[in-house]
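Position 27 of the sequence shown, counted from 1, bears residue number 74 in our numbering, the numbering being contiguous throughout.
Every residue, glycine too, gets a C-beta built ideally from N, C-alpha and C.
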Amino acid sequence: MSEQLTLYFHKVQLALAEANAPYRAYQVDLRNKPEWFTSKVNPVGQVPVVTYGGPNGEPDDPSSLSTKIAESNVILEFLADLYPDSGLLPKDPVLRAKGRDFAVGDHYTIADACISPHLARLKIVIETDIGNFPVGMGYKLGEELEGAKFAKFKKYVERMLDRPSFK
């Protein structure tokens, strides 16, 4: 798995932390992918990828007995199934459906893992005014988000960014 903090890797990393899942992370140069990555791990060449099962090996020689799982949302579902007590997806089918549908609930789910990296970047934008928009618009957005109509959203953002898995 790549340690570059793409939004995709970031949400998988959060889910791994929430599940208390042991893992080894490997960096892959996304601009100059090694041959072994596309031939043995993910022919599409995208990260993140999880190799699961089979004997442990080095990243450039993963076991042929291991399963390679790509696509961050698929990995999130896999982690929720592999660690059912993590709460990444509730056990109740109705609550599971809501957890997949980005319904804001009381428990951290894979939907929260998907949105949290965006919330972190939003925080950077409103605190630093860094972004691809006219100067001052990041600060202005931050001021707007301080309004009463965004109070629930603001609490949600704070709750997500204060989680131990996010630190």
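Quick check: what's the CA-CA separation for Phe200 versus Leu188?
Within the sequence shown, numbered from 1, the residue matching residue 200 stands at position 153. Within the sequence shown, numbered from 1, the residue matching residue 188 stands at position 141. Between Phe200 and Leu188, the C-alpha separation is close to 13 Å.
Tell me the residue span of the alpha helix (DSSP H) that contains Tyr203.
Residue mapping note: residue 203 aligns to position 156 of the sequence shown, counting from 1. Taken as a continuous stretch (DSSP letters only), the alpha helix (DSSP H) holding Tyr203 covers Ala198 to Leu208.
Does Thr156 come out as helix, strand or coil in the three-state DSSP assignment?
Counting from one through the sequence shown, the residue named residue 156 turns up at place 109. Coil, per DSSP.
Who are the Cβ neighbours of Leu208 in its own chain at under 7 Å, not counting the five residues just before and after it?
The residue labelled residue 208 in the question sits at position 161 within the sequence shown. Taken in chain order, the residues that qualify are Leu166, Ala167 and Lys170.
Using 8 Å as the threshold, is the C-beta distance between Leu136 and Glu65 below it?
As a working mapping, residue 136 is identified with position 89 in the sequence shown. As a working mapping, residue 65 is identified with position 18 in the sequence shown. No, these two residues do not count as a Cβ contact at 8 Å.
Taking the DSSP output, what are the residues bridged to Ala117?
Along the sequence shown, read from residue 1 onward, the residue named residue 117 stands at position 70. DSSP output for Ala117 lists Val96 as bridge partner(s).
Would you kindly report the start and end of the unbroken alpha helix (DSSP H) that includes Tyr70?
Translated into positions along the sequence shown, residue 70 becomes position 23. Tyr70 -> no alpha helix (DSSP H), and no H or E assigned at all.
Do you know offhand how far Ser119's Cα is from Met184's?
Within the sequence shown, numbered from 1, the residue matching residue 119 stands at position 72. Within the sequence shown, numbered from 1, the residue matching residue 184 stands at position 137. Approximately 31 Å, taken between the alpha carbons.
Shortest alpha-carbon distance to Tyr186 belongs to which of Ala195, Val172 and Tyr73?
Counting from 1 along the sequence shown, the entry for residue 186 is found at position 139. Checked all of Ala195, Val172 and Tyr73; the closest Cα to Tyr186 is Val172.
Could you give the first and the last residue of the continuous alpha helix (DSSP H) run that contains Ala144?
Translated into positions along the sequence shown, residue 144 becomes position 97. Residues Pro140 to Arg147.
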